[in-house]
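Chain order of the listed sequences is W and G. Its first residue numbered 1485, the first sequence is counted upward by one per residue in our numbering. Its first residue numbered 1485, the second sequence is counted upward by one per residue in our numbering. Note that beta-carbon positions come from the ideal geometry of N, C-alpha and C, so glycine has one too. Computed from a prediction, not measured in an experiment: that's the story for all the values here. Contents: one structure, followed by commentary.
Protein chains: 2
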Amino acid sequence: MVSAPLDTLERPAGNKERLRLWIRLLRAARSIEGELRERLRREFNSTLPRFDVMAALYRAPDGMLMSDLSRFLLVSNGNVTGIVDRLVGDGHASRAAREGDRRTSIVRLTDTGRAFFLEMADAHERWIAEFLGEVGEDDVKRLSTMLKTFRSNWEGEH
Amino acid sequence: MVSAPLDTLERPAGNKERLRLWIRLLRAARSIEGELRERLRREFNSTLPRFDVMAALYRAPDGMLMSDLSRFLLVSNGNVTGIVDRLVGDGHASRAAREGDRRTSIVRLTDTGRAFFLEMADAHERWIAEFLGEVGEDDVKRLSTMLKTFRSNWEGEH
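Here is the structure:
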């Protein structure tokens, strides 16, 4: 393990501020996620990973390969197969073998699934507007622009 | 399930902007968390929940009851008992029965554990400064203040 010695002289004063910002950002994200999870469960008997899968499928009306769906949702850590099984069982999605290749299947939302997703997405948007309601229009734009760009300086390093 | 009809006329224009902000905030938080997880593993053979437990214990030099530790870390979803077992096994924490009550135990960091945590915390602070390095000082303060207050409008509703 290699680690620099603690040397406050070498540490820019802004580091503590950035650490505080990160902790607050993480708390805010977890808190909003927790509230979304609770409301999706209560009002739609659904979950966040299921919402994410439906959102991905909604944007792909021709359907998605299971493998692409898994890769796309890597970050949400959900069990895509289990989620799709449940969606198919609920009549919200259908699964069909791809032409000429029986090993992979294509998943798409049914009409019922699309309507159900739209209802959830509408509620989701209203909830977010409620949670972030205190943030003024100017700050929303400023923050959004900042968050769009600030990741570039470390991503892709390894 | 009760849900309002889709009616774009009733929806403030800022809702879409707020939704976009939330998605970017979530992505940024997940992306930073993923990078932290990877670096803690690589450089300290550790994990985020373990880091959180050590941080809580570091701030309580007299030790914490297992029950308080579990409650404190509820949000991180870690298995506190497993984490503490591992810390004790590594010599980073000790566990002792509370005086007069053999059913609950008090956990505290050892000197080795405190030194190890300080090394991790130092690296963690530098990493965050690196990730958020593109955000200017003024924006850091502005954002931090905003995130400190904006949760109050929905929390505690249920």
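Using the Cβ count rule (16 or more neighbours within 10 Å means buried), how would you classify residue i?
{"i": "G/A1513", "result": "buried"}
{"i": "G/A1607", "result": "buried"}
{"i": "G/G1597", "result": "buried"}
{"i": "G/R1534", "result": "buried"}
{"i": "W/V1559", "result": "With a pLDDT of only 48 at W/V1559, under the threshold of 50, the placement of this residue in the model should not be trusted; the figure read from the coordinates follows. So W/V1559 ends up on the exposed side."}
{"i": "G/S1530", "result": "buried"}
{"i": "G/L1627", "result": "buried"}
{"i": "W/R1586", "result": "exposed"}
{"i": "G/I1447", "result": "This structure cannot settle anything about residue 1447 of chain G, because the visible part of chain G is limited to 1485 through 1642."}
{"i": "W/N1561", "result": "Confidence in W/N1561 is poor, its pLDDT being 49 and thus under 50, which makes the residue's placement unreliable; the coordinate value appears in the next sentence. Exposed."}
Could you give the first and the last residue of the continuous beta strand (DSSP E) run that contains residue i?
{"i": "W/S1515", "result": "Unbroken run through W/S1515 is the alpha helix (DSSP H), 1498-1528; no beta strand (DSSP E)."}
{"i": "G/R1592", "result": "1585-1593"}
What does residue i reach in chain W if we use C-beta pairs closer than 8 Å?
{"i": "G/G1498", "result": "A1613, E1621, V1624"}
{"i": "G/S1628", "result": "E1501, R1504, L1505, R1508"}
{"i": "G/L1616", "result": "R1502, L1505, W1506, F1634"}
{"i": "G/I1590", "result": "Neighbours of G/I1590 on chain W: none; closest Cβ ~26 Å, over 8 Å."}
Return the CA-CA distance between residue i and residue j, expressed in angstroms with no decimal places.
{"i": "G/L1553", "j": "G/A1544", "result": "10 Å"}
{"i": "W/L1504", "j": "W/E1522", "result": "In the sequence on display, residue 1504 of chain W carries Arg and not Leu. The alpha-carbon atoms of W/R1504 and W/E1522 are separated by roughly 27 Å."}
{"i": "W/G1566", "j": "G/R1582", "result": "44 Å"}
{"i": "W/R1525", "j": "W/R1610", "result": "16 Å"}
{"i": "G/R1555", "j": "W/H1576", "result": "38 Å"}
{"i": "G/G1518", "j": "G/G1584", "result": "43 Å"}
{"i": "W/V1568", "j": "G/L1532", "result": "30 Å"}
{"i": "W/I1507", "j": "W/D1536", "result": "25 Å"}
{"i": "G/V1619", "j": "G/D1546", "result": "37 Å"}
{"i": "G/M1604", "j": "G/E1527", "result": "9 Å"}
{"i": "G/S1551", "j": "G/A1580", "result": "14 Å"}
{"i": "G/L1616", "j": "W/G1573", "result": "44 Å"}
{"i": "W/A1497", "j": "G/A1497", "result": "39 Å"}
{"i": "G/R1592", "j": "G/R1511", "result": "35 Å"}
What residue does the alpha helix (DSSP H) around residue i start on, and which one ends it?
{"i": "G/R1570", "result": "1564-1573"}
{"i": "W/A1539", "result": "1532-1542"}
{"i": "W/D1552", "result": "1550-1556"}
State yes or no: is the C-beta of residue i within less than 8 Å of the C-beta of residue j?
{"i": "W/S1578", "j": "W/T1594", "result": "yes"}
{"i": "G/D1622", "j": "W/M1630", "result": "no"}
{"i": "G/E1501", "j": "W/K1625", "result": "yes"}
{"i": "W/I1590", "j": "W/M1548", "result": "yes"}
{"i": "G/A1613", "j": "W/N1499", "result": "yes"}
{"i": "W/A1540", "j": "W/L1557", "result": "yes"}
{"i": "W/Y1542", "j": "W/F1600", "result": "no"}
{"i": "W/L1509", "j": "G/L1509", "result": "yes"}
For a contact meaning CB atoms closer than 7 Å, what does residue i contact in chain G?
{"i": "W/A1577", "result": "Simply none; closest approach about 19 Å."}
{"i": "W/E1583", "result": "Here the premise fails: no neighbours, minimum Cβ distance about 34 Å."}
Run through chain W and tell me which residues come within less than 7 Å of residue i, C-beta to C-beta.
{"i": "G/A1513", "result": "L1509, L1510, A1513"}
{"i": "G/I1567", "result": "Within chain W, no residue comes near G/I1567; the closest Cβ sits about 18 Å away, beyond 7 Å."}
Given that residue i touches chain G, what residues does it touch there, using C-beta distances under 8 Å?
{"i": "W/L1631", "result": "L1505, R1508, L1509, R1511, A1512"}
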